[in-house]
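Notes for the one structure printed next.
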Amino acid sequence: MYNFEFEKPSSIADAVAALGGDEAQAMGGGQTLIPTLKQRLASPTTLVSLSNIPEMQGICTGDDGALCIGGSTTHGAVASGAGAYPGLAALAGHIGDPAVRNRGTIGGSLANNDPSACYPAAALASGATLVTNTREIAADDYFLGMFETALEEGEIVTEVRFPIPEVSHYEKFVQPASRFALVGVMVAKFADGVRVAITGASEEGVFRWAEAEAALSANFSSDALDGLILDADNMIGDLHGSKEYRAHLCGVIAKRAVAKAA
Amino acid sequence: MPKDGEIKSGIGASSKRREDVRFLTGNGNYTDDINIRGQAYVFFLRSDVAHGTLNSVDTSAAAAMPGVVKIFTGADFEAVGGIPCGWLVTDKHGEPMQEPKHPVLAHGKVRHVGEPIAAVVADSLEQARDAAEAIEVDISELSAVINMKDAFKEGATKVHDDLTSNLCYDWGFVEENKGAVDEAFKNAHHVTTLELVNNRLVANPMEPRVAIGDYARSDEQHTLYTTSQNPHVIRLLMGAFVLGIPEHKLRVISPDVGGGFGTKIFHYQEEAFCTFAAKACNRPVKWTSSRSEAFMSDAHGRDHVTTIQLALDKDNNFTALRTDTLANMGAYLSTFASSVPTWLHGTLMAGNYKTPLIYVNVKAMFTNTVPVDAYRGAGRPEATYQIERVIDMAARELGADPVALRRQNYVTEFPYATPVAVEYDTGDYHATMDKLEEIGDFTGFEARRKESEAKGKWRGLGINNYIEACGIAPSNLVGQLGARAGLYDAATVRVNATGSISVMVGAHSHGQGHETAFPQVVADMIGIDESQIDIVHGDTSKIPFGMGTYGSRSLAVCGSAMVRATEKIIAKAKKIAAHLLEASDTDIELKDGMFSVAGTDKSVAWGDVTLAAYVPHNYPLEEIEPGLEETAFYDPSNFTYPAGAYACEVEVDPDTGKVTIERFAAADDFGNVINPMIVSGQVHGGIAQGVGQALLEGCSYDEESGQLLTGSYMDYAMPRADDLPFYSVDHSCQTPCTHNPLGVKGCGEAGAIGSPPSVVNAVIDALHSGGKKVAHIDMPLTPDRVWNAINNA
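Sequence lines, in order, name chains A and B.
Each residue of the first sequence is one higher than the one before, counting from 149 in the numbering used here.
Each residue of the second sequence is one higher than the one before, counting from 42 in the numbering used here.
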């Protein structure tokens, strides 16, 4: 990797200040960024680690009952600490491997918005709110496409607030090599309806499946999805699966998610 | 035979692998662990295009960068030889193969992504990398030839301008039989035809390759530390053909090596470069491959496209077999590349069957891809896969039981001369199939299938036989076939004064457990404890000679040399004992480390005899020399022919196409077994690699750009523990090899050779059970491919 300055601020304010520098780059757990640096595909002047900021750590329940998770909370901590939202805890417990889960953070994952990452599906299906150092962004407004989000330059995800559904499940069909999601479907049933978010499948990154949501809101059973099929045109087609295969898998995996939702 | 565990020491004991103590406690000494005072680091600037004319390489700005010692380009290597190929294949017209120049650093043209263009030697690796980015390379990109069928077409872009075409050779075997084979097909009652791909693999040893060159001006001594399976072969090839360094001035050391799987047999440019640069820079020069570099510079494996046909008579007897293969050589000929699709493949096309007429055609093609060479099994998996898939297909077409069809056609009388030029010395294919039916619980299959169906899954059972030729090889035979080296091996048994023993062996252990198994043999022969014996390997200055470890040859060839040397030791020790016991040496018996005079109670211990050899106060000096050290070279008189029967049970999820392996059974005949635990471990690992090939692994290039699409573990799927079931492995069927002193055959590659066909056969069986009449799916059987096959059936 190229040389860079390294900063490890202990408050959000200091982190934001550090990120104001020229070519500064925030780093959560570094699980994507460090391999990128090692391959010399990024050359920040300053790397600002967000791993030492107490106000961005930990899990609590908000006044409105939402599960609030600090942006620098690791996947491992969510897996063991988000018992109030079992679907989310289970999702976090199956990201990557133990090493990844002990370093990778929820804020880092959501800021990166890898089209095959798990957390974007959880945030979108939950109708989560992403809290940054400057504002609150609804998940529906946050994900703008592959590796693109509503975050401005230097803006960091400090907390994510998850409304807790009545029942939920995240079902992942893994790409055999990377074991990222080839297709991952999060279903979340709330009192006012069902939300379904899919990761791994689309050229546009994570998305909601409106037809499935309508069908499941009327009848929350996997049978309700019979006959529903997504358009293959916008799907990712690559070495690991054709567009048609991914479109088909979305239906299969969504049904399995519904069947397992608890 | 005794059950596993009944024998406590020596031959047949499952002695714990002594080398694992250092491997598992972080005390191994791998090449990258070696750092020499004053060493510099090299970074190779590699081509990012598949094919192009190299107009210029401007290193002037880079040379001025901090820490740079020297920058090398192809021009610096014009005076040295190219990387040689170790096997000359003669085509079906009697003409030699086309053999392109293989430069250390690209010169004039680049021919695959990853080919080294320049090498920067600097004080640190990061400085070398920084400087490499400042090198200005001007390449005019040319269209790339990736697909072998395209490469074969008239007017195709040529990988090598100085060759007549992209065809390395067009090999026919046995050419004289072709007419008779074609005639047999005309008269066949049934012909089964199958087109298949044997997918390209990346070997991926856990330890990437490393090379360190060192040079001492004082005595003009070169030392190369390298991750090699055969340091003497590297010394021979690099010293004699590339750099012109005589053997006594070149020492090659391969310390602990973290897996080879074939890809560390070959002599690579980076080894020659580091050796050359150490002298040119007068500093040690170290290179450690990154994993990304390994994907585009380690020789790949397999990559055959084949049409195979099987002819049967009305009674389902196999009457003829013919096969046409396109074999990918990549851009250059790696060390043994030319031999893999020919002599290591064609000679195995009889399999376990008495098919009387066989014809094999192989067209080896140059393409703009990484060179392809031997990978665990090397030619034999390709042969086995074809035979065992086409037989399964024939059974399905004929409504025959796949086990019965195989049994009916087994070779049952030995020795058996095949129609493809080899003679099987011994075997019992019914015995391994009987054992397989038992350990695979074939009778319980239907019940298990019903259980799967109740869960919405389709279950399939796939079986296959395999045979391989190991213990490569009789030197006079392979010499006639084009090998440019002998393939014997050597061992020196050095008995120390107090009776402990060091055995210097030409085989190299890079995971196989030689340090445990080899001493078991010597301990057994003398009757002393295994702990009294160590082996020494991996250093050309310490061992007499050796052709190294590959082709499951170590015990059969080098172990035989060790036995011969130990026999010489025992013969001499008996003479010493006879002198001490005042008896005739013909009356001396050696048992449990004691020499005794037959029919008397007079005896002398091993340690007393060895001490006498080194303190020869009371010693027959007029008859024998003092000391106790013997060397033997062993050249095998035939290959060995391990064989077996494998069974795989899979579940297919019809909704997703995902295949899971539920059961796997392997019944092998390896002849005599020295350490059953190590043998089981070899089979376990081999099956994992075979399952990897069948379900997960596939090296893929973009056919337009020639870019490697599977250049990391993000896209190249390696098998992991949870991809595999618990195996049932058995090697109690033992027909000892008839021509080597241990009666051993070799077990290192069996698992990788024997497992892919049974996995694929099982998936096809599962799809049929679900009503999907799928004839074939090419490996790897990814969910996407299986789902597509289901959908299109």
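The beta carbon of each residue, even a glycine, is placed where N, CA and C say it ideally should be.
Reference residue i, options the options, closest by Cα
i                      : options                    : result
residue 677 of chain B : B/61, B/667, B/516         : B/516
residue 420 of chain B : B/634, B/384, B/371        : B/384
residue 369 of chain A : A/337, A/393, A/308        : A/337
residue 148 of chain B : B/201, B/526, B/370        : B/201
residue 137 of chain B : B/434, B/203, B/211        : B/211
residue 704 of chain B : B/732, B/600, B/753, B/255 : B/732
residue 394 of chain A : A/209, A/264, A/273, A/287 : A/264
residue 675 of chain B : B/647, B/799, B/605, B/494 : B/605
residue 834 of chain B : B/529, B/462, B/813        : B/813
residue 489 of chain B : B/799, B/553, B/685, B/689 : B/689
residue 91 of chain B  : B/187, B/116, B/830        : B/187
residue 301 of chain B : B/270, B/669, B/322        : B/270
residue 332 of chain A : A/388, A/294, A/405, A/291 : A/405
Close Cβ partners of residue i (< 8 Å) along its chain, the five nearest in sequence each way excluded
i                      : result
residue 240 of chain B : 343, 344, 734, 738, 739, 740, 819, 820, 821
residue 229 of chain B : 352, 353, 354, 360, 361
residue 287 of chain A : 271, 272, 274, 275, 276, 277, 278
residue 282 of chain A : 300, 303
Neighbour flag for residue i against chain A, beta carbons, 8 Å
i                      : result
residue 819 of chain B : no
residue 309 of chain B : no
residue 570 of chain B : no
residue 828 of chain B : yes
residue 390 of chain B : no
residue 773 of chain B : no
residue 825 of chain B : yes
Own chain, CB closer than 7 Å to residue i, minus 5 neighbours either side, in chain order
i                      : result
residue 290 of chain B : 261, 262, 263
residue 620 of chain B : 660, 661
residue 245 of chain A : none
residue 594 of chain B : 511, 512, 513, 787
Within-8 Å CB hit, residue i to chain B
i                      : result
residue 154 of chain A : no
residue 317 of chain A : no
residue 192 of chain A : no
residue 376 of chain A : no
residue 248 of chain A : no
residue 242 of chain A : no
residue 406 of chain A : no
residue 263 of chain A : no
Boundaries of the beta strand (DSSP E) in which residue i is found, first to last residue
i                      : result
residue 632 of chain B : 629-632
residue 550 of chain B : Here residue 550 of chain B belongs to no beta strand (DSSP E), and DSSP marks it neither H nor E.
residue 576 of chain B : 574-577
residue 334 of chain A : 329-338
Boundaries of the alpha helix (DSSP H) in which residue i is found, first to last residue
i                      : result
residue 157 of chain B : Run containing residue 157 of chain B: none in the alpha helix (DSSP H); it sits in the beta strand (DSSP E), 157-163.
residue 406 of chain B : Unbroken run through residue 406 of chain B is the beta strand (DSSP E), 398-407; no alpha helix (DSSP H).
residue 425 of chain B : 421-439
residue 769 of chain B : Not the alpha helix (DSSP H): residue 769 of chain B falls in the beta strand (DSSP E), residues 768-771.
residue 181 of chain A : 181-186
residue 671 of chain B : Run containing residue 671 of chain B: none in the alpha helix (DSSP H); it sits in the beta strand (DSSP E), 670-675.
With 16 other Cβ atoms within 10 Å as the buried cut-off, status of residue i
i                      : result
residue 119 of chain B : exposed
residue 761 of chain B : exposed
residue 848 of chain B : One cannot answer for residue 848 of chain B here, as it falls past the ends of chain B, which runs 42 to 834.
residue 247 of chain B : exposed
residue 388 of chain B : buried
residue 220 of chain B : exposed
residue 716 of chain B : buried
residue 613 of chain B : buried
Own chain residues within Cβ distance below 6 Å of residue i, not counting five before or after
i                      : result
residue 394 of chain B : 359, 450
residue 557 of chain B : 56, 58, 59
residue 524 of chain B : 128
residue 177 of chain B : 99
residue 656 of chain B : none
residue 111 of chain B : 162, 322
Any C-beta of chain C under 8 Å from that of residue i
i                      : result
residue 390 of chain A : In the structure shown, chain C cannot be found, because the protein chains are A and B.
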